[in-house]
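Colleague: Mapping the sequence shown onto numbering that gives the first Met the number 0, position 182 (from 1) lands on 181, and the numbers just tick up by one.
The structure is given below, and queries will be raised subsequently.
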Amino acid sequence: MNSLVGFGSIAAFIISAISLLNPELEWNASFFDEPVMLLGFVLLGRSLEERARIRASSDMNELLSLISTQSRLVITPSGSNSSADTVLCADAICMEVPIDDIRVGDSLLVLPGETIPVDGRVLAGRSVVDESMLTGESLPVFKEEGHSVSAGTINWDGPLRIEASSTGSNSTIAKIVRMVEDAQGREAPIQRLADSIAGPFVYSVMTLSAATFAFWYYIGTNVFPDVLLNDIAGPDGDSLLLSLKLAVDVLVVSCPCALGLATPTAILVGTSLGAKQGLLIRGGDVLERLAGINIITLDKTGTLTVGKPAVSAVASLDHEEAEILQIAAAVEKTASHPIATAIITRAEALNISLPSTKGQLAEPGFGSLAEVDGQLVAVGSLKWVHERFQHRRDLSDILRLEQAVMPQSSKGSSSSKHSRTVVYVGREGEGIVGAIAISDNLRHDAESTINRLHHKGIKTVLLSGDREEAIAIVAKTVGIESEFVNASLTPQQKSGVISSLQNSGHRVAMVGDGINDAPSLALADVGIALQIEGQENAASNAASIILLGNKLSQVVDALDLAQATIAKVYQNLSWAVAYNVVAIPVAAGLLLPQFDFAMTPSLSGGQMSSYYHFRFLCIDDVCEHVSGKTYQLTHLFNASLDRWANGPELDICCHKLAASTIPWASEENLYI
Numbered sequence: 000m001n002s003l004v005g006f007g008s009i010a011a012f013i014i015s016a017i018s019l020l021n022p023e024l025e026w027n028a029s030f031f032d033e034p035v036m037l038l039g040f041v042l043l044g045r046s047l048e049e050r051a052r053i054r055a056s057s058d059m060n061e062l063l064s065l066i067s068t069q070s071r072l073v074i075t076p077s078g079s080n081s082s083a084d085t086v087l088c089a090d091a092i093c094m095e096v097p098i099d100d101i102r103v104g105d106s107l108l109v110l111p112g113e114t115i116p117v118d119g120r121v122l123a124g125r126s127v128v129d130e131s132m133l134t135g136e137s138l139p140v141f142k143e144e145g146h147s148v149s150a151g152t153i154n155w156d157g158p159l160r161i162e163a164s165s166t167g168s169n170s171t172i173a174k175i176v177r178m179v180e181d182a183q184g185r186e187a188p189i190q191r192l193a194d195s196i197a198g199p200f201v202y203s204v205m206t207l208s209a210a211t212f213a214f215w216y217y218i219g220t221n222v223f224p225d226v227l228l229n230d231i232a233g234p235d236g237d238s239l240l241l242s243l244k245l246a247v248d249v250l251v252v253s254c255p256c257a258l259g260l261a262t263p264t265a266i267l268v269g270t271s272l273g274a275k276q277g278l279l280i281r282g283g284d285v286l287e288r289l290a291g292i293n294i295i296t297l298d299k300t301g302t303l304t305v306g307k308p309a310v311s312a313v314a315s316l317d318h319e320e321a322e323i324l325q326i327a328a329a330v331e332k333t334a335s336h337p338i339a340t341a342i343i344t345r346a347e348a349l350n351i352s353l354p355s356t357k358g359q360l361a362e363p364g365f366g367s368l369a370e371v372d373g374q375l376v377a378v379g380s381l382k383w384v385h386e387r388f389q390h391r392r393d394l395s396d397i398l399r400l401e402q403a404v405m406p407q408s409s410k411g412s413s414s415s416k417h418s419r420t421v422v423y424v425g426r427e428g429e430g431i432v433g434a435i436a437i438s439d440n441l442r443h444d445a446e447s448t449i450n451r452l453h454h455k456g457i458k459t460v461l462l463s464g465d466r467e468e469a470i471a472i473v474a475k476t477v478g479i480e481s482e483f484v485n486a487s488l489t490p491q492q493k494s495g496v497i498s499s500l501q502n503s504g505h506r507v508a509m510v511g512d513g514i515n516d517a518p519s520l521a522l523a524d525v526g527i528a529l530q531i532e533g534q535e536n537a538a539s540n541a542a543s544i545i546l547l548g549n550k551l552s553q554v555v556d557a558l559d560l561a562q563a564t565i566a567k568v569y570q571n572l573s574w575a576v577a578y579n580v581v582a583i584p585v586a587a588g589l590l591l592p593q594f595d596f597a598m599t600p601s602l603s604g605g606q607m608s609s610y611y612h613f614r615f616l617c618i619d620d621v622c623e624h625v626s627g628k629t630y631q632l633t634h635l636f637n638a639s640l641d642r643w644a645n646g647p648e649l650d651i652c653c654h655k656l657a658a659s660t661i662p663w664a665s666e667e668n669l670y671i
């Protein structure tokens, strides 16, 4: 656009100057007012553009503004015997210091109503914390000793003493802003297509401008002499003046920037809106790929289930249950898998002391092994543990173990609400010595999420390393068809299933949460990771989208957002093409012979600037009836885009319109 406007303005000025300084040429082509008016309109458009960009980036500034600049540092005298349960002991010193002076390990006091200044862990106190600005979850979250908290969240009820774990640019909220800004700079494939069109478009317009001048000067004014009576030809009906103005019109009315900005503008809004809803999206290309997904594969443990399994039964052939728990917990004490956590938690609850171990080794998707009291111990799947040792148990012994733990694990619980897994414990010289049953509740939104995905025409596939019997119950409960259930898979086999689906022409997304899901998340067209309490792991590092709210329903929200964003991109591109197809012929004088209508260069520049500004004002998108929750995100997206472009007046309008069409929205709580 700069090139075309520059050529048009310079051409108008040079022609006017030549006409003024050389009256003997009798050009009568003095129109110095046109470059001034043209540049004025263009600069007005640029100011409106800048205003829209500032509004679009205001969400990220809002997130950064949540971080406090001051904090209360708690200094406890050395040798103090204060209890860790006391929020603030009598001999402690509390002083306000700048947040930049806080270091990892410092103890801080956060009073009710204050913003938590750093990421950390609760040392003492109990309260509820508003995490909506990070996770999109409207309900406050209960926090007590041992729970993690994030910078920028708000402490509501009681005082908390926390230990800083990361500060400043290393905090969760700062990382989110940084990742969103990086994502907004990553081009979607459709953006590269638009850019490839915009370049040749400029040269085409310049050629068309020259052709317009040649046509009207040598042919048009002779074939249609009445056009010289139009004001654009001047009082003397000068064919040169008419031809020059129409040529300049073509240069300035065209809008290649509309093609180039159609995609990044929508991506900017989409990624910002996603961040506010707890969806961390790593680029515009991710949104485009997600919008075209037709199959979503899901892990079971930690994805369809809550990921907080508990030991429900322990059985052994020759040993006490406590001994089986003891050696299993010793092997798993360095692991972070939810099953390992469940075993360790049960051992700690029974006050079982753990022996020293060495040589720990974990094979993701299979199990863990280590040397305990000089003997190799393995904990994991039946086949994997069975193959670790030369001494093999009979099949009848293994069946007795399984029968011993499974009936116990189902007592008092509904099989439709629990996922049960059996891990086996083996020891050198004995083979399999025991079994531990692990129960894990289904996520409350698992069934509804699968139903929503099916309603959108997306197939769901369950990939799990667990036994077929264990995942069959889960699949049936949430509504995944048995033909799409894959059990006893290794991480490599999970990746193989995804590759097979991709080779069949499907676009595949993978949803997971653990280290064993990382290869599949990286291989899928879109990897989606659920992040628990802001903790980073291999899954979140490999994923294209991170669900900060740790809710499975956010998968559908991300899908809706991607589809709304890409729909807006195509809508913007369609408007850009339609505008140029209509405006350029009119500027070239198409309507001049029959309707005696022609645009001046300044009017053309004004039209171009007006188009670019009002393209943001898609009020009709918000005014359409919102019928059903599936479409709410799409229309909130449009309302958000419109609000950033048009200012407070439309902002109020969008709030009222959304509040009148969406049951849970109101002018008070609708912060888009």
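Every residue, glycine too, gets a C-beta built ideally from N, C-alpha and C.
Remember, it's a predicted structure, so these values are computed and weren't measured experimentally.
Does residue 121 have its Cβ less than 9 Å from a Cβ in chain B?
Modeller: In the structure shown, chain B does not exist; there is a single protein chain.
Colleague: Along the chain, where does the beta strand (DSSP E) containing residue 129 start, and where does it finish?
Modeller: 126–129
Colleague: Do residue 248 and residue 10 have their CB atoms nearer than 9 Å?
Modeller: Their beta carbons are not under 9 Å apart, which means residue 248 does not touch residue 10 by this criterion.
Colleague: DSSP three-state call for residue 212: helix, strand or coil?
Modeller: helix
Colleague: Of all the options 517, 19, 569 and 149, which has the alpha carbon lying nearest to the alpha carbon of residue 544?
Modeller: 517
Colleague: Whole angstroms is fine: what's the gap from residue 83's alpha carbon to residue 115's?
Modeller: Note that residue 83 scores 49 on pLDDT, short of 50, meaning its location in the model is unreliable and no value can be drawn from it.
Colleague: Assuming residue 130 contacts residue 140 under a Cβ cut-off of 8 Å, what Cβ separation, rounded to an integer in Å, is found between them?
Modeller: 5 Å
Colleague: Ignoring anything shorter than 3 residues, give me the beta strand (DSSP E) runs that lie fully in the stretch 308–378, in order along the chain.
Modeller: 309–315, 356–362 and 366–371
Colleague: Determine the DSSP secondary structure at residue 680, reduced to helix, strand or coil.
Modeller: Given a span of 0 to 671 for the chain in the structure shown, any question on residue 680 remains unanswerable.
Colleague: Tell me whether residue 378 is buried or exposed, calling it buried when 16 or more other Cβ atoms sit within 10 Å of its Cβ.
Modeller: buried
Colleague: Three-state secondary structure (DSSP) at residue 465?
Modeller: Residue state, collapsed to three classes: coil.
Colleague: Shortest alpha-carbon distance to residue 366 belongs to which of 91, 465 and 168?
Modeller: 465
Colleague: Do residue 384 and residue 359 have their beta-carbon atoms positioned less than 9 Å apart in this structure?
Modeller: no
Colleague: In the DSSP assignment, find the unbroken beta strand (DSSP E) run with residue 440 in it and report its ends.
Modeller: 430–440
Colleague: Using DSSP's beta-bridge definition, name the partner residues of residue 119.
Modeller: 148 and 163
Colleague: Any idea what DSSP makes of residue 305, helix, strand or coil?
Modeller: coil
Colleague: Measuring straight from C-alpha to C-alpha, what distance separates residue 631 and residue 156?
Modeller: With a pLDDT of 45 at residue 631, under the threshold of 50, the modelled position of this residue cannot be trusted; read the value that follows with caution. Looking at the two C-alpha atoms, the distance is approximately 32 Å.
Colleague: Could you pull the start and end residues of the alpha helix (DSSP H) that residue 392 belongs to?
Modeller: Here residue 392 belongs to no alpha helix (DSSP H), and DSSP marks it neither H nor E.
Colleague: According to DSSP, is residue 66 helix, strand or coil?
Modeller: Annotated three-state conformation of residue 66 is coil, per DSSP.
Colleague: Please look up how many angstroms separate the CB atoms of residue 152 and residue 117, rounded, as I've assumed it's under 8 Å.
Modeller: Not really, about 11 Å apart at Cβ, beyond 8 Å.
Colleague: I need the boundaries of the alpha helix (DSSP H) containing residue 490, first residue and last residue.
Modeller: 490–502
Colleague: In three-state DSSP terms, what is residue 240?
Modeller: helix
Colleague: Would you list the residues sitting across from residue 140 in a DSSP beta bridge?
Modeller: 128
Colleague: What residues in its chain sit with their C-beta under 6 Å from that of residue 586, if we drop five residues either side in the sequence?
Modeller: 248, 249, 252, 598 and 603
Colleague: Got a sec? Which residues, its chain only, sit under 7 Å from residue 280 by beta carbon, not counting five neighbours each side?
Modeller: 182, 270, 273, 286 and 544
Colleague: Taking the beta strand (DSSP E) that residue 108 falls in, what are its first and last residues?
Modeller: 106–109
Colleague: Could you give the DSSP three-state label for residue 598: helix, strand or coil?
Modeller: coil
Colleague: Put residue 458 into one of helix, strand or coil per three-state DSSP.
Modeller: strand
Colleague: Relative to the alpha-carbon of residue 172, which residue among 100, 446, 588 and 275 has its alpha-carbon at the smallest distance?
Modeller: That would be 275, whose Cα lies nearest to the Cα of residue 172.
Colleague: Quick check on the burial criterion: 16 or more other C-beta atoms within 10 angstroms. Buried or exposed for residue 228?
Modeller: Looking at its Cβ environment, which holds fewer than 16 other Cβ atoms inside 10 Å, residue 228 is exposed.
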